[in-house]
């Protein structure tokens, strides 16, 4: 079974448990924080060190998370990943968990590329317009692309909404050449 398939399986299991307790958002937020921690070079080295016993690793995890505000379901999940030697897949699990939560909430994520950073009002306006077109709730992440010069290009699922200066100039050029 591939690492991606395993990640999906673990993410679906965690989602089922979190949905049952109504704590998807909390667990997702905490899972992202734990993923950042486990991706740190020192933590990775400790987790992947074959000379450190599983019992020692579990003990360190329990001490690290004992007084934390982590959901008990998440602590149990992390212990399971540690036991099954799957903790290194946590980044993929986080990504898949986010996709499952989004799907459950009817949410679609996308990106909007622009020459300069977009303000929150502009981003919200674009989300609203694209939501109306696609009849889905949309959340856009803004990314800078100086090659665009002006305008913006939004990519959501298989859709591309291109309102860039380059596209307008290209269309104008084609129109002039055809007349």
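In my numbering, the protein residues as written are -7 to 171. Cβ coordinates follow ideal geometry from the N, Cα and C atoms, glycine included. None of the values given here were measured: they were computed from a predicted structure.
With a threshold of 7 Å on Cβ separation, who are the neighbours of residue i within its own chain once the five nearest residues in sequence on each side are excluded?
i: residue 131; result: 99, 101 and 119
i: residue 63; result: 15, 18, 19 and 22
i: residue 13; result: 65
i: residue 35; result: 29
Let's test the definition: count the other Cβ atoms within 10 Å of the Cβ of residue i and tell me whether it reaches 16, buried, or not, exposed.
i: residue 54; result: exposed
i: residue 84; result: buried
i: residue 30; result: buried
i: residue 6; result: buried
i: residue 104; result: buried
i: residue 141; result: exposed
i: residue 66; result: buried
i: residue 115; result: buried
i: residue 156; result: buried
i: residue 44; result: exposed
Nearest CA to the CA of residue i: which residue from the options?
i: residue 109; options: 23, -3, 133 and 149; result: 133
i: residue 60; options: 145, 148, 144 and 26; result: 26
i: residue 127; options: 151, 35, 9 and 163; result: 151
i: residue 9; options: 168, 94, 169 and 68; result: 68
Do residue i and residue j have their CB atoms nearer than 9 Å?
i: residue 70; j: residue 57; result: yes
i: residue 106; j: residue 135; result: yes
i: residue 159; j: residue 143; result: yes
i: residue 24; j: residue 86; result: yes
Once you ignore the five residues that flank residue i on each side, which residues in its own chain have a CB closer than 6 Å to its CB?
i: residue 188; result: The chain is shown from -7 up to 171; residue 188 falls before or after that span and cannot be answered.
i: residue -3; result: none
i: residue 88; result: -1, 0 and 3
i: residue 145; result: 105, 154 and 156
i: residue 138; result: 107
i: residue 93; result: 16 and 20
Which same chain residues, not among the five before or five after residue i, have their C-beta less than 8 Å away from its C-beta?
i: residue 129; result: 97, 98, 99, 100 and 123
i: residue 163; result: none
Segment contact flag, the segment 123 to 138 with the segment 33 to 47, C-beta cutoff 8 Å, min 3 pairs:
no
Okay, do the segment 44 to 52 and the segment 68 to 85 touch, 3+ Cβ pairs below 8 Å being the bar?
yes
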